[in-house]
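Q:
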Amino acid sequence: MMMTMIEKASKKVIEQRSCVGCRTVRHKSELIRCVKSPSGEVTIDRDGKAQGRGAYLCKNLECFAKVKKKRLFNRAFKTTVDDKLYDELEQMIAAVR
Ligand SMILES: [Zn+2]
């Protein structure tokens with residue numbers, strides 16, 4: 032019984048992620064994941080299965096605008112993220128609405 036509770040608790044933690052824009056912790060299904068590949072390219076991880084370092088963004092334009100303006104993904108990934116990524120994110124968020 033005790034083990035089951037601990038397993039459930041740790042699983043919940045794993046599925047919670049914070050947005051790089053507003054720092055709000057949400058379930059990962061509510062966030063868009065971006066991932067940095069071993070070659071250093073940052074892309075949107077559309078199916079959530081890509082390997083590499085990830086950073087998350089809420090599916091709303093307010094967070095997107097903040098992240099784009101402050102280039103927060105550059106900080107999150109410690110690299111210069113191509114503007115193309117921000118364009119793709121904007122399109123993706125606009126499609127969700
Ligand atoms: Zn956010």
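Each residue of the sequence shown is one higher than the one before, starting from 32 at the first, in the working numbering.
Just so it is clear, CB atoms sit at the ideal spot from N, CA and C, and this is done for glycine as well.
#1: Hey, would you say residue 62 sits closer than 8 Å to residue 88, going by beta carbons?
#2: Which residue's Cα is closest to the Cα of residue 102: 51, 47 and 81?
#3: Taking the C-alpha atoms as reference points, what is the distance between residue 55 and residue 80?
#4: Let me make sure I understand the geometry here. Which of 112, 119 and 122 has the alpha-carbon closest to that of residue 71?
#5: Apart from the five residues on each side of it in sequence, which residues of its chain come closer than 8 Å, Cβ to Cβ, to residue 49?
#6: What residues match up with residue 85 in a beta bridge as DSSP calls it?
#7: Taking residue 127 as the reference, which of 90, 94 and 109 has the closest Cα?
A: The structure says:
#1: The count along the sequence shown starts at 1 and reaches residue 62 at position 31. The count along the sequence shown starts at 1 and reaches residue 88 at position 57. Going by C-beta atoms, residue 62 is nearer than 8 Å to residue 88.
#2: Position 71 of the sequence shown holds residue 102. Ranked by Cα distance from residue 102, the options 51, 47 and 81 are led by 51.
#3: Residue 55 sits at position 24 when you count from the first residue of the sequence shown. Residue 80 sits at position 49 when you count from the first residue of the sequence shown. Roughly 22 Å between the two C-alpha positions.
#4: To locate residue 71, count along the sequence shown from 1; it is residue 40. Nearest of 112, 119 and 122 to residue 71, Cα basis: 112.
#5: Position 18 of the sequence shown, counting from 1, holds the residue named residue 49. Taken in chain order, the residues that qualify are 55, 56, 57 and 87.
#6: For this step, residue 85 is matched to residue 54 along the sequence shown. Note: residue 85 sits in a beta bridge opposite 66.
#7: Numbered from its first residue, the sequence shown carries residue 127 at position 96. Of 90, 94 and 109, the residue nearest in Cα terms is 90.
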